[in-house]
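Colleague: Residue numbers (my numbering), protein chains in the order written: chain A, 4 to 128; chain B, 30 to 717.
Think of the CB as a built atom: it goes at the ideal place given N, C-alpha and C, for glycine as much as any other residue.
1. Closer than 8 Å by C-beta to residue 697 of chain B: which residues in its own chain qualify, once you throw out the five before and the five after it? Chain order, please.
2. Please compile the residues from chain A whose C-beta is within a distance smaller than 7 Å of the C-beta of residue 438 of chain B.
3. Is residue 196 of chain B helix, strand or coil when you go by DSSP?
4. Can you pull out the residues from the stretch 452 to 475 of chain B whose beta carbon lies closer than 9 Å to at least one beta carbon of chain A?
5. Please list the segments of the beta strand (DSSP E) lying wholly inside the stretch 237 to 307 of chain B, counting only runs of 3 or more residues, in order along the chain.
6. First and last residue of the alpha helix (DSSP H) that includes residue 670 of chain B?
7. Taking the beta carbon of residue 7 of chain A as the centre, do at least 16 other beta carbons fall within 10 Å, making it buried, or is it exposed?
8. Cβ-heavy atom distance between residue 483 of chain B and the ligand NAP below 8 Å?
9. Return the CA-CA distance between residue 235 of chain B and residue 262 of chain B, expressed in angstroms with no decimal places.
10. Determine the closest residue to residue 244 of chain B out of B:231, B:232 and B:218, with distance taken between C-alpha atoms.
11. Name the residue from A:82, A:75 and A:37 whose alpha carbon lies nearest to the alpha carbon of residue 47 of chain A.
12. Would you say residue 19 of chain A faces chain B, with C-beta separation under 9 Å as the test?
13. Report yes if the C-beta distance between residue 673 of chain B and residue 547 of chain B is below 9 Å; otherwise report no.
14. Residues in the stretch 13 to 38 of chain A with C-beta within 9 Å of chain B's C-beta atoms, listed in sequence order?
15. When you compare the CB of residue 394 of chain B with every CB in chain A, is at least one pair closer than 9 Å?
16. Do the CB positions of residue 271 of chain B and residue 305 of chain B come within less than 9 Å of each other?
17. With a cut-off of 8 Å on the beta carbons, I'd call residue 603 of chain B and residue 212 of chain B a contact; round off their distance for me.
18. Rounded to whole angstroms, what's the CA-CA distance from residue 100 of chain A to residue 479 of chain B? Just pull it up for me.
19. What residues in its chain sit with their C-beta under 8 Å from that of residue 182 of chain B, if we drop five residues either side in the sequence?
20. Does any residue of chain B have a CB that is nearer than 9 Å to the CB of residue 134 of chain A?
21. Under 9 Å, Cβ to Cβ, is there at least one residue of chain B near residue 85 of chain A?
22. Mind checking whether residue 429 of chain B and residue 398 of chain B have CB atoms under 9 Å apart?
23. Would you mind telling me which residues of chain A sit closer than 9 Å to residue 442 of chain B, beta carbon to beta carbon, in chain order?
24. Relative to chain A, which residues along the stretch 242 to 264 of chain B have a C-beta separation below 7 Å, given in chain order?
25. With 16 as the cutoff for other CB atoms within 10 Å, does residue 320 of chain B come out buried or exposed?
26. Closest Cβ-Cβ distance between residue 93 of chain A and chain C: below 9 Å?
27. What are the boundary residues of the alpha helix (DSSP H) that includes residue 443 of chain B?
28. Please report how far the alpha carbon of residue 445 of chain B lies from the alpha carbon of residue 482 of chain B, in whole angstroms.
29. Mind pulling the chain A residues with CB within less than 8 Å of residue 335 of chain B?
30. What residue from B:613, B:368 and B:601 has the CA that sits closest to residue 534 of chain B's CA?
31. Which residues mark the beginning and the end of the alpha helix (DSSP H) in which residue 82 of chain B is found?
32. Please classify residue 466 of chain B as buried or exposed, where buried requires at least 16 neighbouring CB atoms within 10 angstroms.
33. Does the beta-carbon of residue 665 of chain B have 16 or more other beta-carbons within 10 angstroms, so that it is buried, or is it exposed?
34. Is there contact here, the stretch 338 to 348 of chain B with the stretch 359 to 379 of chain B, by at least three beta-carbon pairs under 8 Å?
35. Hey, is residue 510 of chain B's beta-carbon within less than 9 Å of any beta-carbon in chain A?
36. Buried or exposed for residue 95 of chain B, going by 16 or more other Cβ atoms inside 10 Å?
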C-alpha cells in the first residue's frame with residue numbers, strides 16, 4: 004500500500020516542527036506550507052490524503068482553504084483536520100460548516116493529535 | 030310674609046286672585062255707590078238693587094273673562110317661556126324657543142330667543158375650547174406615557190412616604206414585584222435610598238436643589254440598581270421624589286468575574302509553568318541522572334503540561350461566557366432586523382415571516398446584512414436574496430440566502446472588515462460579530478447558497494398589545510397612618526387571589542398547586558400587576574382535581590415549592606387587603622403553610638361570598654358563576670377554574686360590589702367586615 008500523505012498548512016514554525024516530527028513518526032509522508040495561498044498551490048500539484056489546516060493563516064484563511072478544497076472535484080475525499088488557537092465553540096461550528104472532518108483547539112496533547120490524524124487516515128483507507 | 034306667599038303661590042293663581050279681587054272690588058264699589066245714591070236721592074229700592082246686581086255680576090263676569098284671557102295669553106306663555114329658558118339654562122338644549130306660544134307678550138319671546146342663541150353660542154365655544162384642550166392634554170399624555178414607558182432606565186415616582194405612585198416598563202422588568210401604592214422598600218432595599226433621601230432633605234433645607242445617587246439591591250437580592258433620586262417640590266413642599274435607575278448587577282458581577290478570572294489564570298499558569306521550568310532545568314543539567322529518574326521527570330513535565338492545558342481551556346470558556354454576558358444586547362424581533370435591511374434603498378430582498386426573537390444589537394445586525402447583500406449583489410452574478418430565521422432552542426440562526434455564484438469566507442470577512450457604519454466609528458462587522466460572541470459562514474451546494482449567523486434566542490419582551498398595564502396613579506391617598514379598619518374602601522389597595530389545590534381538604538393533606546393574584550388600586554383593576562405561579566405540591570395531583578383545573582403532575586414537576594412561591598406571594602400582598610371568592614378556603618391552605626413559608630398572612634380579608642350574601646338575598650346563589658351572571662360578567666370557558674381566570678372574574682365582581690356597598694352607606698373596611706360578620710349562617714359553612 005502506498006504511503007499516505009499529509010499536507011500541513013501552518014505558519015508557526017515551532018508547532019510545525021513538532022507536528023512534522025509527530026506525523027512523520029506515525030508513518031505518513033508530510034509536506035508543510037506556511038500560507039493559505041501556498042496551500043492551494045501545493046494542493047494543485049499533489050493531492051494529499053489529509054490536510055492539517057491552521058485557521059489563522061496569512062493570505063487565505065483556513066476556512067476559505069477548506070471551502071475551496073470542498074468545491075474542487077479533484078480533491079474529493081481529501082480529509083481536513085482544522086486546528087486553531089481561537090478555541091470558541093463558534094469557530095468549531097464554522098469549521099465543521101465549511102467542510103472540516105475534525106477540529107482541534109490549541110493547546111492539544113500530541114497524543115490526541117496523532118490519534119486524530121491516524122483515525123482520519125485509517126477511516127479513509 | 031308677602032314674599033313667602035308669592036313664592037308659595039303660582040303665577041297663574043296669583044293672576045286669578047288678582048282678577049277675582051278686581052271683580053269683587055268692582056262689584057262692592059258699584060253696590061256701595063248705588064247705596065250712597067239711594068240714601069241721597071231716595072226713591073224705590075228695587076231699581077237700585079236690580080241695577081246694582083246687573084252691574085256687579087257684569088263686573089264679576091268681565092273680570093273672570095279678562096282673567097281667563099290673561100291666563101291664556103299672558104300667564105301661561107310666561108310660564109312656558111320661563112320653563113323653556115330654565116331648561117336651556119340647565120341642560121345643553123340647542124333648540125329655538127317657540128315664539129308663537131308668547132305672541133301676545135310683544136318682544137319678550139324674541140328677546141328670550143336672543144338670550145338662548147347667545148347662550149348656545151357661548152356653550153359651543155366653551156365646548157370647542159374644552160375639546161381642544163382635552164385633545165392637547167390627551168396628546169401630551171400619550172407622549173408622556175410613551176416616553177415614560179419606553180425609557181431605557183427604570184423610573185419610579187414615589188410619595189413622600191415612599192409608596193409607588195408611578196413606574197415604567199423598565200422599572201417593572203428590573204423589579205418585577207413593583208406595584209402601585211406598594212411600599213418601595215417591598216422591592217428595593219431601603220437603606221441606600223433612605224440615606225440618599227436624607228442627603229436630599231439636608232440639601233433642600235440648605236437651599237440647594239439637587240439629586241442624590243444611590244446603589245441599592247433589590248429586596249430579593251438578585252439585582253443591584255444604580256441611580257439617582259430627585260425631589261418633586263410643589264410650592265416649596267415636598268410632594269414626592271423621582272428615582273431613575275439602571276441595572277448595575279452585570280457591571281458589578283463583570284468586575285468581580287474579571288478580577289477572579291485574572292487571579293485564577295495567574296495562579297493556574299504560574300504553578301505548572303514553574304514546575305515545568307524546574308523539571309526541564311534538572312533534566313538539562315543532570316546528565317548523570319539514572320534513566321528511571323529521567324522517566325519520572327518527563328512524566329512530571331507531561332502532567333504539568335496537561336494541567337496547563339486544562340487551566341487555559343477552562344479560562345477560555347469562562348472568559349467567553351463573561352464577555353457574552355457583558356455585551357449590551359436587547360431582545361430584537363428578527364422580522365424588525367429584516368425590515369430594517371429591506372428598508373435600505375436599492376436592496377431587493379424578500380424576507381420570510383417569522384416571530385423569532387434574538388438577543389443582539391439590532392442596528393448592527395441589520396447594517397451587517399445590508400452590507401453583505403450590497404457586496405454580494407455588486408458582481409451581478411447573484412440574485413434572489415432572501416432573509417429567514419431558524420430557531421433551535423436557545424439558538425436562532427439568521428439566514429441570508431441567494432442564487433448564483435458562491436462567496437468565499439475570505440470575501441465575506443473582507444467585506445466585514447471595513448467600518449460598519451459612520452454611526453459606529455471604526456467598529457467593523459467583524460468587531461460586531463466578535464462582540465456578540467458569534468461568527469458567520471457561507472454554506473451551500475450548486476447555485477443555492479446561504480450565509481448563516483447564529484445568535485442567542487431571546488424571550489419576547491412585554492408586548493405593547495397586552496392588556497395595558499396601569500403604570501401610574503397620581504391620586505393615591507395620603508399616608509396610611511389611620512387604622513386599616515377606619516380607612517375608606519376607596520383608599521385601600523386590594524389583592525384579589527385564587528388558589529388551585531390537589532383537593533378540598535387543607536387539613537387532610539391537600540396542597541396548593543397554583544396561586545394567582547391581581548391588584549386593585551383606587552377601584553382600578555391593575556391588569557399589569559399580576560401574580561401567577563405554579564407550585565410543586567410534593568405529592569401527586571388526583572385525576573379528579575386535574576379534570577377541574579387542568580394542572581397535571583408534569584406541569585408542576587419543575588415548579589418551585591410553596592416556600593418559595595408563598596414568600597413571593599406574601600411580598601405581592603404587602604399592605605393590601607386580601608379578597609377571594611370563598612376566602613376562608615384559600616386562606617386555610619395559606620395559613621397552614623405559614624410555618625413553611627416563614628411569613629404570616631395577617632392582612633385584612635374580604636370574602637365575595639359573604640359580601641354577596643350581605644348585599645343580596647341571603648338564601649340565594651353566591652357562586653362565582655351566579656355573581657358573574659348577576660353583573661353581566663363573561664368568563665371565557667377556558668379560563669374558568671384556572672387560578673388567573675377565576676381571579677379576574679372575582680376582581681370584576683368585587684369592584685362592582687364596592688359600588689353597591691357605597692350606595693348602601695358602607696364606606697370603610699371596618700364597615701364591610703362588619704357586614705360580613707352578620708352572615709353567620711354562611712360563615713358556619715366556611716370552616717375549613
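Modeller: The relevant details are as follows:
1. Taking the second chain and counting its residues from 1, one reaches residue 697 of chain B at position 668. The answer, listed in chain order, is 514, 515, 516, 517 and 518.
2. Indexing the second chain from 1 puts residue 438 of chain B at position 409. Correct list: 64, 66, 67, 70 and 101.
3. Stepping through the second chain from its first residue, residue 196 of chain B is reached at position 167. If DSSP states are grouped into helix, strand and coil, residue 196 of chain B belongs with the strands.
4. 462, 466, 467, 468, 469, 470, 471 and 472
5. 241 to 246, 253 to 263 and 266 to 276
6. Indexing the second chain from 1 puts residue 670 of chain B at position 641. Element bounds for residue 670 of chain B: n/a, residue is neither H nor E.
7. Taking the first residue of the first chain as position 1, residue 7 of chain A is located at position 4. Buried.
8. The ligand NAP is not part of the structure shown, which contains no ligands of any sort.
9. Within the second chain, the letter at position 206 stands for residue 235 of chain B. Within the second chain, the letter at position 233 stands for residue 262 of chain B. Cα to Cα, the separation comes out at about 15 Å.
10. Mapped onto the second chain, residue 244 of chain B falls at position 215. Checked all of B:231, B:232 and B:218; the closest Cα to residue 244 of chain B is B:218.
11. On the first chain, residue 47 of chain A is found 44 positions in, with the first residue counted as 1. Considering only alpha carbons, the answer is A:75.
12. Reading the first chain from its first residue, position 16 is the one you call residue 19 of chain A. Cβ-Cβ to chain B under 9 Å: no for residue 19 of chain A.
13. In the second chain, counting from the first residue as 1, residue 673 of chain B sits at position 644. In the second chain, counting from the first residue as 1, residue 547 of chain B sits at position 518. It is a contact, given that the beta carbons lie within the stated cut-off.
14. none
15. The residue you call residue 394 of chain B lines up with position 365 of the second chain. Not one chain A Cβ lies under 9 Å of residue 394 of chain B.
16. The sequence position of residue 271 of chain B within the second chain is 242, counting from 1. The sequence position of residue 305 of chain B within the second chain is 276, counting from 1. Going by C-beta atoms, residue 271 of chain B is not nearer than 9 Å to residue 305 of chain B.
17. The count along the second chain starts at 1 and reaches residue 603 of chain B at position 574. The count along the second chain starts at 1 and reaches residue 212 of chain B at position 183. So it is a contact: roughly 7 Å between Cβ atoms.
18. Here residue 100 of chain A corresponds to residue number 97 of the first chain, with the count starting at 1. Here residue 479 of chain B corresponds to residue number 450 of the second chain, with the count starting at 1. Cα-Cα distance, rounded: 12 Å.
19. The residue given as residue 182 of chain B occupies position 153 in the second chain. Excluding sequence neighbours, residue 182 of chain B sits near 199, 256, 273, 274 and 275.
20. Outside the modelled stretch of chain A, which goes from 4 to 128, sits residue 134 of chain A, for which no answer is possible.
21. The sequence position of residue 85 of chain A within the first chain is 82, counting from 1. No, because no Cβ of chain B sits closer than 9 Å to the Cβ of residue 85 of chain A.
22. On the second chain, residue 429 of chain B is found 400 positions in, with the first residue counted as 1. On the second chain, residue 398 of chain B is found 369 positions in, with the first residue counted as 1. In this structure, residue 398 of chain B lies closer than 9 Å to residue 429 of chain B by Cβ.
23. If you number the second chain from 1, residue 442 of chain B lands on position 413. Those within 9 Å of residue 442 of chain B in chain A are 64, 66 and 67.
24. none
25. Along the second chain, read from residue 1 onward, the residue named residue 320 of chain B stands at position 291. Looking at its Cβ environment, which holds fewer than 16 other Cβ atoms inside 10 Å, residue 320 of chain B is exposed.
26. Of the protein chains in this structure, namely A and B, none is chain C.
27. Residue mapping note: residue 443 of chain B aligns to position 414 of the second chain, counting from 1. 438 to 444 is the extent of the alpha helix (DSSP H) around residue 443 of chain B.
28. The sequence position of residue 445 of chain B within the second chain is 416, counting from 1. The sequence position of residue 482 of chain B within the second chain is 453, counting from 1. If you take the alpha carbons of residue 445 of chain B and residue 482 of chain B, they lie about 13 Å apart.
29. The residue you call residue 335 of chain B lines up with position 306 of the second chain. Within 8 Å Cβ-Cβ: 112.
30. Here residue 534 of chain B corresponds to residue number 505 of the second chain, with the count starting at 1. Nearest of B:613, B:368 and B:601 to residue 534 of chain B, Cα basis: B:613.
31. Start at 1 with the first residue of the second chain, and residue 82 of chain B comes out as number 53. Counting along the chain, the alpha helix (DSSP H) containing residue 82 of chain B begins and ends at 74 to 99.
32. Residue mapping note: residue 466 of chain B aligns to position 437 of the second chain, counting from 1. The residue is buried, with at least 16 neighbouring Cβ atoms inside 10 Å.
33. Within the second chain, residue 665 of chain B is the residue found at index 636, counting from 1. It is exposed - the Cβ of residue 665 of chain B has fewer than 16 other Cβ atoms within 10 Å.
34. no
35. Within the second chain, residue 510 of chain B is the residue found at index 481, counting from 1. Bear in mind that a pLDDT of 42 at residue 510 of chain B, under 50, signals an unreliable position, so the model cannot answer this.
36. By 1-based counting over the second chain, the position of residue 95 of chain B is 66. Residue 95 of chain B should be labelled exposed.
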